[in-house]
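Q:
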Amino acid sequence: MIKELSFALYAIKKNIQSSAELRTSFLMNIVGMTINNTAFIIIWVFFVKSVGVIHGWTAADIIGLLGFSSLSYGVVHSIASGIGLTAEYVSSGSFDRFMVSPKNLLIRIATSRFSASAIGDIVFGLVCLGVYSFLIHISIVQIILMVFLVVVSTMVFLAALIAVMSASFLFTDAHAVTSSLFELFLTPTLFHGGSFQGATRFIFTFFIPSLIAGALPVEIVRDVSLEKLVIVSVVAIVWFLLSLKLFTAGVKKYESSNLMTFGN
Amino acid sequence: MKVIRLGSKIIQTLVRDRIYYPGKLMVDTFGMVARCGVLLLLYWYVFRLNNGMVNGTTFLIAAWSMFLYFAFSVLRLRGISKEIMRDIRSGTVEILLCKPISYLSYRMWWQVGTGLYSFLVISLVGVIALAFIVGIPETMSARIFIPTLVIVVLLGVLLSLFLYTAVGLLAFWIEDIDPVFWVVDKTVMILGGSYLPVALFPDLMYKFAVWSPFGASQFVTHTVYETWGVEWMMKVGIQVFWVVAFLVITLLLFAKARKKVSVNGG
Chain D
1 MIKELSFALY
11 AIKKNIQSSA
21 ELRTSFLMNI
31 VGMTINNTAF
41 IIIWVFFVKS
51 VGVIHGWTAA
61 DIIGLLGFSS
71 LSYGVVHSIA
81 SGIGLTAEYV
91 SSGSFDRFMV
101 SPKNLLIRIA
111 TSRFSASAIG
121 DIVFGLVCLG
131 VYSFLIHISI
141 VQIILMVFLV
151 VVSTMVFLAA
161 LIAVMSASFL
171 FTDAHAVTSS
181 LFELFLTPTL
191 FHGGSFQGAT
201 RFIFTFFIPS
211 LIAGALPVEI
221 VRDVSLEKLV
231 IVSVVAIVWF
241 LLSLKLFTAG
251 VKKYESSNLM
261 TFGN
Chain F
1 MKVIRLGSKI
11 IQTLVRDRIY
21 YPGKLMVDTF
31 GMVARCGVLL
41 LLYWYVFRLN
51 NGMVNGTTFL
61 IAAWSMFLYF
71 AFSVLRLRGI
81 SKEIMRDIRS
91 GTVEILLCKP
101 ISYLSYRMWW
111 QVGTGLYSFL
121 VISLVGVIAL
131 AFIVGIPETM
141 SARIFIPTLV
151 IVVLLGVLLS
161 LFLYTAVGLL
171 AFWIEDIDPV
181 FWVVDKTVMI
191 LGGSYLPVAL
201 FPDLMYKFAV
211 WSPFGASQFV
221 THTVYETWGV
231 EWMMKVGIQV
241 FWVVAFLVIT
251 LLLFAKARKK
261 VSVNGG
């Protein structure tokens, strides 16, 4: 296990060094993504101004929501960006080279690519959480909760990505299918958390765990709700284990479509 | 004439391709439900909390406005930026420039053809579904609605194509256009009235949405508002202005870009 993790860290380090070689492009991606994410703050802040406070959700909470979702999205897409390419690897046949690698299959795929723009998400997420902390006059307990919930939210993002990408093994050209499925998970993570109530809240917490990636962590930090914390943590762990099962089951269905090459 | 023949051939081929592979239509439909469906559900709840009215706008109007935005986005016109970037990065642009057809018109026809089938089917099904679920606002039964909608959609298509082509052509200079693309795309998304209908915009933002090319490319979302009856001429005028402006910008950029291409052969 230690060996696998040290390999993952080595691969991530090399990926970052490789991306940073093209310095202008690297920096432009980071800045561009940060500006790109600001769009969601503009939209939802104006939304709150227009419709008022819904179920206790203020403009500050929207900043917290985007902080959690951007940071966890950024962490997953910087260290495990390769998982998002599983559909392309499978359809092109380049998945074979991961199968024959002596390293852990999932770690090998995850670290096969690095997304510079994800660093922009991380920067944006950290700034948002900093601003949110200032706006709600955060206490020590809330800081501890926030750090823990960033881990939980990242775990859910990773689980969703792995679960969705497991569908790559079921279709001939699954890129469009997996993109749409991931969109179904991702879109609600950026939505105003207060407008998810009743059935929609239940569905987007347990069946599609989008709210665990952003809205519920904000409510837990704001209200210091230990009950919600337990539910969110359990659902995140269950989803993570389920996604690993789905991925393993998917790999068993894999049939090589290699075109006389080991791809790149 | 030659250009029209090329265009109709490309569109015919791509539409046949989409009909042959219905999976792509299913994916587009799924994507539409994932984004627009969830959003409409949330707005329905929000409007209910506010007694059915926010900023003088009803849920009926807001729902149709957002639906039109997402239906228009099924055309995937913004994808032209990435296609041009891919051509430039892979070197395919050298081959396409040598062909006896205009590269830009070929790319534009291709982009329209890619999303046309899904756009027509999803729009038709969506209109029927939305009419049954939430009803039809009075503004949509006005005499000018259909003709102006067609004009605004056509001008919106042209403006979007020119706008995103200009972004794509920047790849001749900066190679990785993603950061520029994101900024332009998100500006279109905000000012077009995707997640927040334009009727809910504050004054200054509304003015920016009306007068900027980003908002003008999505004027289709304005057609359901009560003010459309008196404002449509002005808005069509704004669209025409930006279409001409971006046509000139795109052609100038392309002329400069062509000079930068060095064909190495092989």
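Chains D and F, in that order, give the protein sequences.
UniProt numbering numbers the first residue of the first sequence as 1 and each following residue consecutively.
UniProt numbering numbers the first residue of the second sequence as 1 and each following residue consecutively.
A virtual CB, placed ideally from N, CA and C, is assigned to each residue, including glycine.
No experiment lies behind these values; they were computed from the predicted model shown.
1. Whose Cβ in chain D lies nearer than 8 Å to the Cβ of Tyr20(F)?
2. Would you verify that the beta carbon of Val177(D) is, or is not, closer than 8 Å to some beta carbon of chain F?
3. For Phe21(F), is the classification buried or exposed, using 16 other Cβ atoms within 10 angstroms of its Cβ as the cut-off for buried?
4. Please list the residues of the stretch 178-189 of chain D that have a C-beta atom closer than 7 Å to any C-beta atom in chain C, keeping them in chain order.
5. Mind checking who Val54(F) pairs with in its DSSP beta bridge?
6. With a cut-off of 8 Å, does the C-beta of Asn15(D) fall near any C-beta of chain F?
7. Taking all protein chains shown into account, do 16 or more other C-beta atoms lie within 10 angstroms of the C-beta of Asp178(F), making it buried, or fewer, making it exposed?
8. For Leu181(D), tell me which candidate among Ile4(F), Arg35(F) and Trp182(F) has the shortest Cα-Cα distance.
9. Our contact map puts Ser90(F) next to Gly168(F) with C-beta atoms below 8 Å; I'd like the distance itself, whole angstroms only.
10. Given a threshold of 16 other Cβ atoms within 10 Å of its Cβ, counted over all protein chains shown, does Trp211(F) qualify as buried or as exposed?
11. List the residues of chain F that Phe191(D) touches, going by C-beta distances under 9 Å, in chain order.
12. Along chain F, which residues have their Cβ under 9 Å away from the Cβ of Met28(D)?
13. If I measure Cβ to Cβ from Val248(F) and keep anything under 8 Å in the same chain, skipping five residues before and after, which residues do I get?
14. Name, please, each residue of chain F whose Cβ falls closer than 7 Å to the Cβ of Val31(D).
15. Does the CB of Asn51(F) have a neighbour CB from chain D at under 8 Å?
16. If the cut is a Cβ gap below 8 Å, which residues of chain D does Ala34(F) touch?
17. Give a yes or no on whether the C-beta atoms belonging to Thr154(D) and Ser72(D) are separated by under 8 Å.
18. Would you mind giving the Cβ-Cβ distance between Gly7(F) and Trp173(F), rounded to the nearest angstrom? I have them listed as a contact below 8 Å.
19. Do Tyr164(F) and Ala199(F) have their C-beta atoms within less than 8 Å of each other?
20. Would you list, in sequence order, the uninterrupted beta strand (DSSP E) runs of no fewer than 3 residues that lie entirely inside the stretch 147-202 of chain F?
21. Give me the residue from Ile109(D), Leu66(D) and Lys103(D) with the minimum Cα distance to Ala87(D).
22. Would you call the stretch 74-88 of chain D and the stretch 111-125 of chain D touching, i.e. three or more CB-CB distances under 8 Å?
23. Taking C-beta to C-beta, are Tyr45(F) and Ser50(D) nearer than 8 Å?
24. On a CA-only basis, which of Ala255(F), Gly156(F) and Leu196(F) is nearest Ser243(F)? Give me that one, please.
25. Count the other C-beta atoms from every protein chain shown that fall within 10 angstroms of the C-beta of Cys128(D), then say buried if there are 16 or more, exposed otherwise.
26. Within the stretch 96-152 of chain F, note down every full beta strand (DSSP E) run reaching 3 residues or more, in order along the chain.
27. With distances taken between CB atoms, is the gap from Gly67(D) to Asp121(D) smaller than 8 Å?
28. Shorter than 8 Å from the beta carbon of Phe124(D) to some beta carbon of chain F?
29. Helix, strand or coil for Ile19(F) per DSSP?
30. Quick one: which chain F residues come within Cβ less than 8 Å of Gln142(D)?
31. Tell me whether Ala199(D) is buried or exposed, calling it buried when 16 or more other Cβ atoms sit within 10 Å of its Cβ.
32. I'd like to know if Ile54(D) contacts chain F, where contact means its C-beta is closer than 8 Å to some C-beta of that chain.
33. Measuring straight from C-alpha to C-alpha, what distance separates Ser179(D) and Ser70(D)?
34. CA-CA distance, residue 279(D) and Glu183(D)?
35. Specify whether the stretch 142-162 of chain D and the stretch 231-247 of chain D touch according to this definition: at least 3 beta carbon pairs, one from each stretch, less than 8 Å apart.
36. Is Ile54(D) helix, strand or coil by DSSP?
A: The answer reads as follows:
1. Taking the second sequence and counting its residues from 1, one reaches residue 20(F) at position 20. Chain D residues near Tyr20(F): none, gap ~13 Å exceeds 8 Å.
2. Within the first sequence, numbered from 1, the residue matching residue 177(D) stands at position 177. For Val177(D), the answer is yes, since a Cβ of chain F falls inside 8 Å of its Cβ.
3. As a working mapping, residue 21(F) is identified with position 21 in the second sequence. Correcting the residue type first, residue 21(F) is Tyr in the shown sequence and not Phe. Answer is exposed; the Cβ neighbour count stays below 16.
4. Among the protein chains in the structure shown, which are D and F, there is no chain C.
5. Along the second sequence, read from residue 1 onward, the residue named residue 54(F) stands at position 54. In the DSSP output, where bridge partners are listed per residue, Val54(F) has Thr57(F).
6. The count along the first sequence starts at 1 and reaches residue 15(D) at position 15. It does not; no Cβ of chain F falls within 8 Å.
7. Position 178 of the second sequence holds residue 178(F). Buried, by the Cβ-count rule.
8. Position 181 of the first sequence holds residue 181(D). Ranking Ile4(F), Arg35(F) and Trp182(F) by Cα distance to Leu181(D) puts Arg35(F) first.
9. Working through the second sequence from its first residue, we reach residue 90(F) at position 90. Working through the second sequence from its first residue, we reach residue 168(F) at position 168. About 14 Å; that fails the 8 Å criterion.
10. What you label residue 211(F) is simply residue 211 of the second sequence in a count that begins at 1. Counting Cβ neighbours within 10 Å, Trp211(F) comes out exposed, since fewer than 16 surround it.
11. Along the first sequence, read from residue 1 onward, the residue named residue 191(D) stands at position 191. Here the neighbours are Val38, Leu39, Leu42 and Tyr195.
12. Start at 1 with the first residue of the first sequence, and residue 28(D) comes out as number 28. Result: Ile174, Asp176, Asp178, Pro179 and Val180.
13. Numbered from 1 along the second sequence, position 248 holds the residue referred to as residue 248(F). Correct list: empty, nothing qualifies.
14. Mapped onto the first sequence, residue 31(D) falls at position 31. Those within 7 Å of Val31(D) in chain F are Pro179.
15. Your numbering for residue 51(F) matches position 51 in the second sequence. False, the Cβ-Cβ gap to chain D never drops below 8 Å.
16. Here the question's residue 34(F) lines up with position 34 in the second sequence. Near Ala34(F) (Cβ distances below 8 Å), the residues of chain D are Ser180, Glu183, Leu184 and Thr187.
17. By 1-based counting over the first sequence, the position of residue 154(D) is 154. By 1-based counting over the first sequence, the position of residue 72(D) is 72. It is a contact, given that the beta carbons lie within the stated cut-off.
18. Here residue 7(F) refers to the residue found at position 7 when the second sequence is read from its first residue. Here residue 173(F) refers to the residue found at position 173 when the second sequence is read from its first residue. The Cβ separation is near 28 Å, so there is no contact.
19. Along the second sequence, read from residue 1 onward, the residue named residue 164(F) stands at position 164. Along the second sequence, read from residue 1 onward, the residue named residue 199(F) stands at position 199. No, the pair does not count as a contact, with Cβ atoms beyond the cut-off.
20. none
21. Taking the first sequence and counting its residues from 1, one reaches residue 87(D) at position 87. The residue with the shortest Cα to Cα distance from Ala87(D) is Ile109(D).
22. yes
23. The residue you call residue 45(F) lines up with position 45 of the second sequence. The residue you call residue 50(D) lines up with position 50 of the first sequence. Result no, Cβ atoms of Tyr45(F) and Ser50(D) do not sit closer than 8 Å.
24. For this step, residue 243(F) is matched to residue 243 along the second sequence. First, the amino acid is wrong: residue 243(F) is Val here, not Ser. Of the candidates Ala255(F), Gly156(F) and Leu196(F), the one whose C-alpha sits nearest the C-alpha of Val243(F) is Gly156(F).
25. The residue labelled residue 128(D) in the question sits at position 128 within the first sequence. Buried, by the Cβ-count rule.
26. Listed in chain order, nothing qualifies, since the stretch 96-152 of chain F has no complete beta strand (DSSP E) run of 3 or more residues.
27. Taking the first sequence and counting its residues from 1, one reaches residue 67(D) at position 67. Taking the first sequence and counting its residues from 1, one reaches residue 121(D) at position 121. No, these two residues do not count as a Cβ contact at 8 Å.
28. Start at 1 with the first residue of the first sequence, and residue 124(D) comes out as number 124. Not an interface residue.
29. In the second sequence, the residue the question calls residue 19(F) occupies position 19. Here Ile19(F) sits in helix by DSSP.
30. The residue given as residue 142(D) occupies position 142 in the first sequence. Within 8 Å Cβ-Cβ: nothing; Gln142(D) doesn't reach chain F, min ~27 Å.
31. Here the question's residue 199(D) lines up with position 199 in the first sequence. Burial call: exposed.
32. Within the first sequence, residue 54(D) is the residue found at index 54, counting from 1. Interface residue, yes.
33. Within the first sequence, residue 179(D) is the residue found at index 179, counting from 1. Within the first sequence, residue 70(D) is the residue found at index 70, counting from 1. Those two C-alpha atoms are separated by around 18 Å.
34. Because chain D here runs from 1 to 264, residue 279(D) falls outside it and cannot be looked at.
35. Below 8 Å, enough C-beta pairs join the stretch 142-162 of chain D and the stretch 231-247 of chain D to call them touching: three or more.
36. Locating residue 54(D) in the first sequence gives position 54, counting from the first residue. Note: Ile54(D) maps to strand in three-state DSSP.
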